[in-house]
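A.B. asks:
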Amino acid sequence: MRVFKQIPGLALLRKRPQNQIPFSLAVGQVIKSSDATTREVKVIKMELDDYLKMYFNKSFVFETVDKNSSSKKGDIVLVRKLDKPLTQKKFFSIEKVLFQIDNIIDPITGKKISHDQDEIKKHLEQLSQLYN
Amino acid sequence: MPFKKGPASWRRTIDYLKGGTLVFREKVKVCTINYHETLPESDGLRRFVFWHLAQIQYKNPQVQCVQLKNIVKTPFITFHTLEDDKINSIYVNCYKKKEHEILEYCEKLVGKTAEEIEREAQTNQANFGQGCSRYCICLVEGQVACPRYKPLPEFMRGKYLLSKQDELEEIRKTKSDEQALAEYWNSK
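Chains as they are written, first to last, in the UniProt record's numbering: chain L, 1 to 132; chain F, 1 to 188.
1) Below 8 Å on the Cβ atoms is my guess for Leu-25 of chain L versus Leu-78 of chain L; work out the distance and round it to an integer in Å.
2) So if I threshold CB-CB distances at 9 Å, which residues from the segment 69-89 of chain F count as touching chain L?
3) Check whether the Cβ of Thr-109 of chain L lies closer than 8 Å to any Cβ atom in chain F.
4) Quick check: what's the CA-CA separation for Thr-13 of chain F versus Phe-62 of chain L?
5) Is there contact between the segment 68-85 of chain L and the segment 51-61 of chain F, where contact requires at least three CB pairs shorter than 8 Å?
6) Select from F:Asp-177, F:Pro-7, F:Asp-166, F:Trp-51 the residue whose C-alpha is nearest the C-alpha of Lys-98 of chain F.
7) For the ligand FMN, any of its heavy atoms closer than 7 Å to the Cβ of Glu-99 of chain F?
8) Reducing DSSP to helix, strand and coil, say where Glu-83 of chain F ends up.
9) Nearest chain L C-beta to Gln-55 of chain F closer than 8 Å, yes or no?
10) From the beta carbon of Val-97 of chain L, is the nearest beta carbon of chain F less than 8 Å away?
11) So with Cβ pairs under 8 Å, would you call Arg-12 of chain F a contact of chain L?
12) So with CB distances below 8 Å, who are the chain L contacts of Val-66 of chain F?
13) Within its chain, find whatever has a CB closer than 6 Å to the CB of Val-66 of chain F; leave out the 5 residues flanking it on each side and keep chain order.
14) Evaluate the contact criterion for the segment 94-109 of chain L versus the segment 82-100 of chain F: three or more CB pairs, one atom per stretch, below 8 Å.
15) How big is the Cα-Cα spacing for Val-92 of chain F and Glu-41 of chain F?
16) Exposed or buried, Leu-152 of chain F, counting other C-beta atoms within 10 Å across all chains shown (16 or more means buried)?
17) Is there a Cβ of chain L sitting closer than 8 Å to that of Asn-93 of chain F, yes or no?
18) What is the DSSP secondary structure of Ile-102 of chain F, reduced to helix, strand or coil?
19) To the nearest angstrom, how far is the alpha carbon of Arg-148 of chain F from that of Glu-118 of chain F?
20) Report the option in F:Val-28, F:Gly-19, F:His-80 whose CA atom is closest to the CA atom of Gln-55 of chain F.
21) Which runs of the alpha helix (DSSP H) spanning at least 4 residues fall entirely within the segment 111-136 of chain F, listed in chain order?
22) Closer than 8 Å by beta-carbon distance: list the chain F residues that pair up with Ser-70 of chain L, in chain order.
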């Protein structure tokens, strides 16, 4: 079968379609930072199994553009689809950083997460007094 | 009900999945759920995810639903919306709330009403084809009749245009195209 591999037109038939996510806005996690402005992002989508009728997670990994280089490895990030893609592989750009891995801030109370046991007890007692 | 195993296995039937009441509006694109797996404050959200998340994803296949676990201690839900090139995010606090309260609150905020869902589910009565009341447009008054029972004039048929042009020229010497059309409409 080596004769058939040398025919140049057959490479087009063997090309598999790119796995693209059909969303225009998505939430994902940064895996790798190769350049100053490119980041690799992992996005999760739920897909239905026909027989079991259950949803299982399927992950997609692709490259994105980061203009201000404001994200690090491990951040949770909002990603948006571009009208005009920059290269053949970069269709998305990073809009906003939701959770930074260095300092995680609770968006409802506005406080940082701390690991001292005394502060955790005070925080929980204050919240229970407010709602009881 | 196939595969009757696991806790509450009727969650995995199509009748239950179609019985969901939350249908998002067009502006909502992402729905993320933040909760903790062992703390007692996020007990209501855990039950909401157990009973209702599959229904939401079945009714809205274009929305991304993500679970983020064990990051922050307070449980909350966020909705990220896209409208006129502007991105907004809505936060819903779920500290010590029960699951039916969370569902009703989200329906008022972000969901479509029952009337709008009924209106979109009705089909157009003017359609024709398979599965509709009429199988072809030739049954309607004022339209061109079925050419099986009443053949069209010769200048409109492909058989004469492509391969029998000699006979077409002979016919065109006696009648013009407009006369042939008028005869077609006036005859029975």
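Here a beta-carbon is modelled for each residue, glycine too, at the ideal position from N, C-alpha and C.
Everything numeric in this text was worked out from a predicted model, so none of it was measured.
C.D. replies: In short:
1) 7 Å
2) Ile-71, Val-72, Lys-73, Thr-74, Phe-76, Thr-78, His-80, Thr-81, Leu-82, Ile-87, Ser-89
3) Yes, Thr-109 of chain L lies at the interface with chain F (some Cβ there is under 8 Å from its Cβ).
4) 34 Å
5) They do not touch, by the three-pair rule.
6) The residue with the shortest Cα to Cα distance from Lys-98 of chain F is F:Trp-51.
7) Looking for the ligand FMN in the displayed structure turns up nothing, as the structure carries no ligands at all.
8) Correct three-state label for Glu-83 of chain F: strand.
9) no
10) At a cut-off of 8 Å between beta carbons, Val-97 of chain L makes no contact with chain F.
11) Answer yes: the Cβ-Cβ gap between Arg-12 of chain F and chain L drops below 8 Å somewhere.
12) Val-27, Ile-44
13) Thr-32
14) yes
15) 15 Å
16) Its Cβ having fewer than 16 others within 10 Å, Leu-152 of chain F is exposed.
17) With its beta carbon less than 8 Å from one in chain L, Asn-93 of chain F belongs to the interface.
18) Three-state result, Ile-102 of chain F: helix.
19) A direct Cα-to-Cα measurement between Arg-148 of chain F and Glu-118 of chain F gives close to 40 Å.
20) F:Gly-19
21) 114-121
22) Those within 8 Å of Ser-70 of chain L in chain F number zero; the least Cβ separation is about 16 Å.
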